[in-house]
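Numbering-wise, this note's numbering comes out as the position in the sequence shown, counting from 1, plus 31.
Just so you know, even glycine gets a beta-carbon here, dropped at the ideal spot from N, CA and C.
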Amino acid sequence: MTDRGGVPRRGRDRRAGVVRPAPGRDRFGGDAPDVAVVGGGIAGLAAATGLAERGVGVTLYEREQGLGGRLAGWPVTLADGSTATMSRGFHAFFRQYYNLRGLLRRADPGLRMLSGLPDYPLRHGGGRELYDSFARVPRTPPWSALGFVALSPTFGLRDLARMDPRAALPLLDVRVPRVYEELDRVSAEDFLSGIRFPEAARHLAFEVFSRSFFSDPGELSAAELVLMFHIYFLGSSEGLLFDVPDEPFPAALWEPLGSYLAGLGVGLRTGTAVDEVAPAPGGGLTVTANKQPRRYDAVVLALDSGGLRQVVAESAQLCDERWRARIGRLRGAPPFLVSRLWLDRPVTADRPGFLGTSGFGGLDNVSVLDRWEGEAARWAAGTGGSVVELHAYAVAPGTDRAAQQRLLVEQLNRVYPETRSARIVDALHEWRSDCPLFQVGGYGDRPTVRTPDPDVVVAGDLVRTDLPVALMERAATTGFLAANALLERWGVRGQTLWTVPDRGRSAGLRALARLARRAP
């Protein structure tokens, strides 16, 4: 099935859900409203796309010099004199990301900038080497779960028999927002303990997921974890394998999409931070950036949680006091570290492009970038070396940063012993703390797309929505939803969206889950 411009939205899952916009005319024919989109990450780019394609005048403000938000990149010069692109690190573009992939197709209809990795291996560091792999696991539930158990060295039928089936039933009938009503006040750690997963499988199959939210399982809402398990494993037949950009983010994704938006007339004001948003006399809103005010008919706030708090704190008349107080209570996830190493020799040829890890002193994953990123591959080919990236999520605040950076390299040497003899040509370390924290009991404070002021909408991965989406896909989806909310008011039809199925795939298993809920 296709949407506007013949852009396909759905993948292989015939049960994927479709979210149709309110009816209306195709686009503006005469005078169109002017909209400010504040934030040039995935959510802001999706909102700008949805509006500009329908004739709305759009100005996009981004405080950094380039587009992409938390997936931006910037040039660096290495110690050997060569140039490279640094970023905040690896991101997986799962095949369930229908709306994000639809956004990227605007600039590359065939998604030629994405390449599939052959496996998503996971390794646990406790005792003997244990690896889980998803390369041979069937993609369609329930065979995906049964196949994982059959093939996994960390999770066998004996472990399955020890589990508490009643505690696990919420995994089989996930619906939004009900999952938040049932599990938002439970931590991911307590939920997993109640299921009685074997320790190694718990670390690999769940903690890896929870830490991709940049959160410790003890702080993360179980509702987010369960929803994520539905999206990637039990609710979708797209599988757990994913794609990655074949060049750094700017060249592969954002420069082409920025050119597409510029061709639609979008004003791209990079390097421009918004200071304040205020109601304008006579209607609309005034956006002040670099002390220069400008009036717009509507505003999309597509910022990370810290940026949103800051703009709202400086916008004393925006929406209402209760809404501003809720935004002020938003919390950020703990700091995380991305260490990228340029080594003077290659890692062993059979090392995967990406490896999820647990039990390695805070090391959460290892990427061998020259396996799949063109820029890194060219450097490796020219020097005989390799480019390796290490992630540590949810680092405890106050951690000695230099010590943590050394620890990651030491853990790399454990995971890939051949790196012990490698000389580090250069190393760059990125410390960030700007991801949202989906803390236990925090769902009610998270903003929705719509606000008390119909001229103000919010988008981003922190936004709560009644659709089964998460991470980058939540950012793209809420960006399009924000555009749709404004277009609906103006009588213009917005973007059709796709999601994974909004409930468990098996009617029998859903019935069991319902019976368990009713039982005393």
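- Distance from the CA of PHE165 to the CA of GLU519, rounded to the nearest whole angstrom, comes to 42 Å.
- With 16 or more other Cβ atoms from the protein chains shown falling within 10 Å of its own Cβ, GLN435 counts as buried.
- Counting only runs of 4 or more residues that sit fully inside the segment 343-409, the alpha helix (DSSP H) segments are 352-359, in chain order.
- Below 8 Å, enough C-beta pairs join the segment 91-110 and the segment 63-82 to call them touching: three or more.
- ALA408 and TRP285 have their C-alpha atoms roughly 21 Å apart.
- Checking the DSSP bridge columns, you'll see TRP285 has no partner listed.
- Burial check for THR80: the Cβ neighbour count within 10 Å reaches 16 or more, so the residue is buried.
- When the five nearest sequence neighbours on each side are left out, the beta carbons in the same chain lying within less than 6 Å of the beta carbon of GLU93 are those of GLY71 and THR301, in order along the chain.
- The alpha carbon of THR509 has as its nearest neighbour, out of GLY522, TRP521, THR527 and VAL523, the alpha carbon of THR527.
- Looking only at PRO499, ARG481 and GLU406, the smallest Cα-Cα distance to PHE264 is reached by PRO499.
- The Cβ-Cβ distance between ARG58 and GLY88 does not fall below 8 Å.
- Listed as beta-bridge partners of PHE125 by DSSP are PHE273.
- If you ignore the 5 residues before and after ASP335, its C-beta comes within less than 6 Å of the C-beta of ASP465, all in its own chain and listed in chain order.
- Counting only the Cα atoms, GLY266 lies some 21 Å from ASP195.
- Residue burial is scored here from C-beta neighbours: ASP215 has at least 16 other C-beta atoms within 10 angstroms and is therefore classed as buried.
- For ILE455, the enclosing beta strand (DSSP E) begins and ends at 455-463.
- If you draw a straight line from the Cα of GLU220 to the Cα of ALA380, it is about 36 Å long.
- In the DSSP assignment, GLU420 is bridged to ARG371 and SER398.
- The beta carbon of GLY387 sits closer than 8 Å to those of TYR151, PRO152, LEU153, ARG154, LEU235, VAL239, ASP395 and ASN396, all from its chain and outside the five residues before and after it, given in chain order.
- Here ARG340 carries a helix assignment [DSSP, helix/strand/coil].
- In chain order, GLY384 place their CB closer than 6 Å to the CB of ARG402, counting only its own chain and leaving out the 5 sequence neighbours on each side.
- Judged by DSSP in its simplified three-state form, GLN435 adopts helix.
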